[in-house]
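Undergrad: Supplied in structure tokens, the structure appears directly below.
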Ligand SMILES: [Zn+2]
């Protein structure tokens, strides 16, 4: 695209609320006037409600880090076909104020009570709208950690637990102790390539979605671009299924569930996406946070003091290393001189542990070519999280062992 896109070339009322995560909020274009925006979503950064909107004007704001990160890092290790197109879009404060007025009431209460659109930003991200399109059903799954760590660097206290129960199941236990909705979902089932276990994983995601009325962030269903909740009245009229049956409404949820499961399984068995994600998670996290912490102490540093994030040049250098020598290193005996690359590998692994996949299909099935699978939310993670992650890992494992839990998550 020759000239830069400007959000003010569209009307705020042509954008509708889709969803949001901790750091960003997403709107999709419903207008007809600007072909550049059709089939695309606008991704805006958020800021805490307490943050003042004034007094911070950056003339030369860099592009959203997600764009450079996808271009320089992610696209070197993930096939392009799985990645949405991302472009920079210029923003202005009054336009952002207008869309906030229009759409704030569409956001979940627990979100708008906490944060808002960051109206000081001058650049946002325009991305492929993977959930939109009339009659399109899209399912977002956050698969989470798909591997068990190797035992090399685990302490005698944690080794038996960490090598038999997956990280997600241990974390689920801790969260349920703290009052969160329990879920039977185990990522190891979803990643297993075993059809029976994969079906179980999807059923478990579905059941947790129903029990929590869609409030868990690891499973979301969109129909024609709109997120669907189990309790929505219109959910029971969602035409997921063969359109030529003559039954256009009143599908019972059992039928919808079975049809959706069938479509999801067809897509998941036909794609390498889960293999790609789990392989990256595992190979980028060879040491486990425990081994990383030990290596750091050998280098006279500690994880909590790691704050300076890698530069774009650091990332390019790391990718070169990852694609060449990294796989030949003896990870059981890591060399302290490679600490920087191990830290960056861990950060990148965290990105893949937290990404989502979007599985998209036309209602009523159709050929697989009209279906697609994409990976989203591949944001760079900040270095200053490492200390927090080390502490969380300790709490998760200690809580799990103290509770006398012994679930076995088969690889
Ligand atoms: Zn598990």
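Residue numbers (the numbering used here): 1165 to 1575.
Cβ coordinates follow ideal geometry from the N, Cα and C atoms, glycine included.
Assuming residue 1372 contacts residue 1347 under a Cβ cut-off of 8 Å, what Cβ separation, rounded to an integer in Å, is found between them?
TA: Position 208 of the chain shown, counting from 1, holds the residue named residue 1372. Position 183 of the chain shown, counting from 1, holds the residue named residue 1347. Right, their Cβ atoms sit about 4 Å apart.
Undergrad: Which same chain residues, not among the five before or five after residue 1510, have their C-beta less than 8 Å away from its C-beta?
TA: In the chain shown, residue 1510 corresponds to position 346, counting from 1. Hits under 8 Å: 1448, 1449, 1451, 1453, 1456 and 1550.
Undergrad: Helix or strand or just coil, what does DSSP make of residue 1411?
TA: Indexing the chain shown from 1 puts residue 1411 at position 247. Confidence in residue 1411 is poor, its pLDDT being 38 and thus under 50, which makes the residue's placement unreliable; the coordinate value appears in the next sentence. DSSP, reduced to helix, strand and coil, places residue 1411 outside both helices and strands of the structure shown, so it counts as coil.
Undergrad: Is any non-hydrogen atom of ligand 1 found closer than 8 Å to the C-beta of residue 1482, if you look at the structure I gave you?
TA: Mapped onto the chain shown, residue 1482 falls at position 318. Because no heavy atom of ligand 1 lies under 8 Å away, the Cβ of residue 1482 does not count as near it: no.
Undergrad: With burial defined as no fewer than 16 other Cβ atoms inside 10 Å of the residue's Cβ, what is the status of residue 1186: buried or exposed?
TA: Taking the chain shown and counting its residues from 1, the one referred to as residue 1186 is at position 22. Counting Cβ neighbours within 10 Å, residue 1186 comes out exposed, since fewer than 16 surround it.
Undergrad: Can we count residue 1571 as close to ligand 1, meaning its CB is less than 8 Å from some heavy atom?
TA: One-based indexing of the chain shown puts residue 1571 at position 407. It does: the Cβ of residue 1571 is within 8 Å (strictly closer) of some heavy atom of ligand 1.
Undergrad: DSSP three-state call for residue 1573: helix, strand or coil?
TA: The residue labelled residue 1573 in the question sits at position 409 within the chain shown. Of the three classes helix, strand and coil, the one that applies to residue 1573 here is coil, per DSSP.
Undergrad: Span of the beta strand (DSSP E) holding residue 1329?
TA: Residue mapping note: residue 1329 aligns to position 165 of the chain shown, counting from 1. No beta strand (DSSP E) holds residue 1329; DSSP gives it neither H nor E.
Undergrad: Residue 1294 and residue 1248 look like a contact to me (Cβ under 8 Å); what is the Cβ gap, rounded to whole Å?
TA: Looking up residue 1294 in the chain shown gives position 130. Looking up residue 1248 in the chain shown gives position 84. That pair is a contact at about 6 Å.
Undergrad: Suppose contacts are defined by Cβ-Cβ distances below 9 Å. Is residue 1394 in contact with residue 1377 by that definition?
TA: Counted from its first residue, the chain shown places residue 1394 at position 230. Counted from its first residue, the chain shown places residue 1377 at position 213. Less than 9 Å divides the Cβ of residue 1394 from the Cβ of residue 1377.
Undergrad: Determine the burial state of residue 1202: buried for a count of at least 16 other Cβ atoms within 10 Å of its Cβ, exposed for fewer.
TA: Against the chain shown, residue 1202 aligns to sequence position 38. That one is exposed.
Undergrad: Can you tell which of 1243, 1483, 1422 and 1428 has its C-alpha closest to the C-alpha of residue 1304?
TA: Locating residue 1304 in the chain shown gives position 140, counting from the first residue. 1428 is the residue among 1243, 1483, 1422 and 1428 whose C-alpha sits nearest the C-alpha of residue 1304.
Undergrad: Going straight from the alpha carbon of residue 1475 to that of residue 1263, what length do you get?
TA: Along the chain shown, read from residue 1 onward, the residue named residue 1475 stands at position 311. Along the chain shown, read from residue 1 onward, the residue named residue 1263 stands at position 99. Those two C-alpha atoms are separated by around 33 Å.
Undergrad: Does any heavy atom of ligand 1 sit closer than 8 Å to the C-beta of residue 1329?
TA: Walking along the chain shown from the start, residue 1329 turns up at place 165. Yes.
Undergrad: Please list the terminal residues of the continuous beta strand (DSSP E) segment that includes residue 1304.
TA: In the chain shown, residue 1304 corresponds to position 140, counting from 1. Counting along the chain, the beta strand (DSSP E) containing residue 1304 begins and ends at 1300-1305.
Undergrad: Would you check whether ligand 1 has a heavy atom nearer than 8 Å to the C-beta of residue 1138?
TA: Residue 1138 lies beyond the stretch modelled for the chain, which goes from 1165 to 1575, so this question has no answer here.
Undergrad: Does DSSP classify residue 1447 as helix, strand or coil?
TA: Reading the chain shown from its first residue, position 283 is the one you call residue 1447. Helix.
Undergrad: If you count every other CB in all the chains shown that lies within 10 Å of the CB of residue 1184, and 16 or more means buried, which is it?
TA: Along the chain shown, read from residue 1 onward, the residue named residue 1184 stands at position 20. Counting the other Cβ atoms within 10 Å of the Cβ of residue 1184 gives 16 or more, which makes it buried.
Undergrad: Pick from 1298, 1329 and 1543: whose alpha carbon is nearest that of residue 1192?
TA: Indexing the chain shown from 1 puts residue 1192 at position 28. Residue 1298 holds the alpha-carbon nearest to the alpha-carbon of residue 1192 among 1298, 1329 and 1543.
Undergrad: Let me know the secondary structure DSSP gives residue 1185 once reduced to three states.
TA: Locating residue 1185 in the chain shown gives position 21, where the first residue counts as 1. Looking at residue 1185 - three-state DSSP - the assignment turns out to be coil, as it is neither helix nor strand.
Undergrad: Which residue comes first and which comes last in the beta strand (DSSP E) that contains residue 1288?
TA: In the chain shown, residue 1288 corresponds to position 124, counting from 1. Run containing residue 1288: 1287-1292, per the beta strand (DSSP E) assignment.
Undergrad: Ignoring anything shorter than 4 residues, give me the alpha helix (DSSP H) runs that lie fully in the segment 1241-1288, in order along the chain.
TA: 1257-1267 and 1273-1276
Undergrad: Less than 9 Å between the beta carbons of residue 1308 and residue 1253, yes or no?
TA: Numbered from its first residue, the chain shown carries residue 1308 at position 144. Numbered from its first residue, the chain shown carries residue 1253 at position 89. No, the Cβ-Cβ distance between residue 1308 and residue 1253 is not below 9 Å.
Undergrad: Need the endpoints of the beta strand (DSSP E) that residue 1212 sits in, please.
TA: By 1-based counting over the chain shown, the position of residue 1212 is 48. Unbroken beta strand (DSSP E) run through residue 1212: 1204-1212.
Undergrad: Work out the CA separation of residue 1195 and residue 1174 for me, nearest whole Å.
TA: Indexing the chain shown from 1 puts residue 1174 at position 10. Indexing the chain shown from 1 puts residue 1195 at position 31. Cα to Cα, residue 1174 sits roughly 8 Å from residue 1195.
Undergrad: Kindly identify the DSSP beta-bridge partner or partners of residue 1539.
TA: As a working note, residue 1539 is residue 375 in the chain shown. Note: residue 1539 sits in a beta bridge opposite 1521.
Undergrad: Would you say residue 1179 and residue 1284 are within 9 Å of each other, going by their C-beta atoms?
TA: Mapped onto the chain shown, residue 1179 falls at position 15. Mapped onto the chain shown, residue 1284 falls at position 120. No. Outside cutoff.
Undergrad: Ends of the beta strand (DSSP E) at residue 1386?
TA: Your numbering for residue 1386 matches position 222 in the chain shown. Its beta strand (DSSP E) spans residues 1383-1387.
Undergrad: For residue 1351, is the beta carbon positioned less than 8 Å from some heavy atom of ligand 1?
TA: As a first step, residue 1351 is located in the chain shown; it is residue number 187 there, counting from the start. For ligand 1, at least one heavy atom lies less than 8 Å from the Cβ of residue 1351.
Undergrad: Based on DSSP bridge pairs, tell me the residues matched to residue 1390.
TA: The sequence position of residue 1390 within the chain shown is 226, counting from 1. Answer is 1387, bridged to residue 1390.
Undergrad: Kindly confirm or deny that the segment 1230-1238 and the segment 1310-1326 touch, where touching means at least three C-beta pairs closer than 8 Å.
TA: no
Undergrad: Consult DSSP for residue 1193 and reduce its assignment to one of helix, strand or coil.
TA: Counting from one through the chain shown, the residue named residue 1193 turns up at place 29. Residue 1193 falls in the strand class under three-state DSSP.
Undergrad: Rounded to the nearest angstrom, what separates residue 1541 and residue 1519 at their Cα positions?
TA: Translated into positions along the chain shown, residue 1541 becomes position 377. Translated into positions along the chain shown, residue 1519 becomes position 355. Using only the alpha carbons, I get a separation of about 5 Å.
Undergrad: Note down, in chain order, each residue of its chain lying with its Cβ closer than 8 Å to the Cβ of residue 1388, except the 5 sequence neighbours on either side.
TA: Here residue 1388 refers to the residue found at position 224 of the chain shown. For residue 1388, where only same-chain residues beyond five positions count, the Cβ hits under 8 Å are 1296, 1297, 1298, 1299 and 1300.
Undergrad: Ends of the alpha helix (DSSP H) at residue 1368?
TA: By one-based count along the chain shown, residue 1368 stands at place 204. From DSSP, the alpha helix (DSSP H) with residue 1368 extends over 1359-1375.
Undergrad: Within its chain, find whatever has a CB closer than 7 Å to the CB of residue 1330; leave out the 5 residues flanking it on each side and keep chain order.
TA: One-based indexing of the chain shown puts residue 1330 at position 166. Excluding residues within five positions, the ones whose Cβ falls inside 7 Å are 1309, 1312, 1350, 1351, 1352 and 1573.
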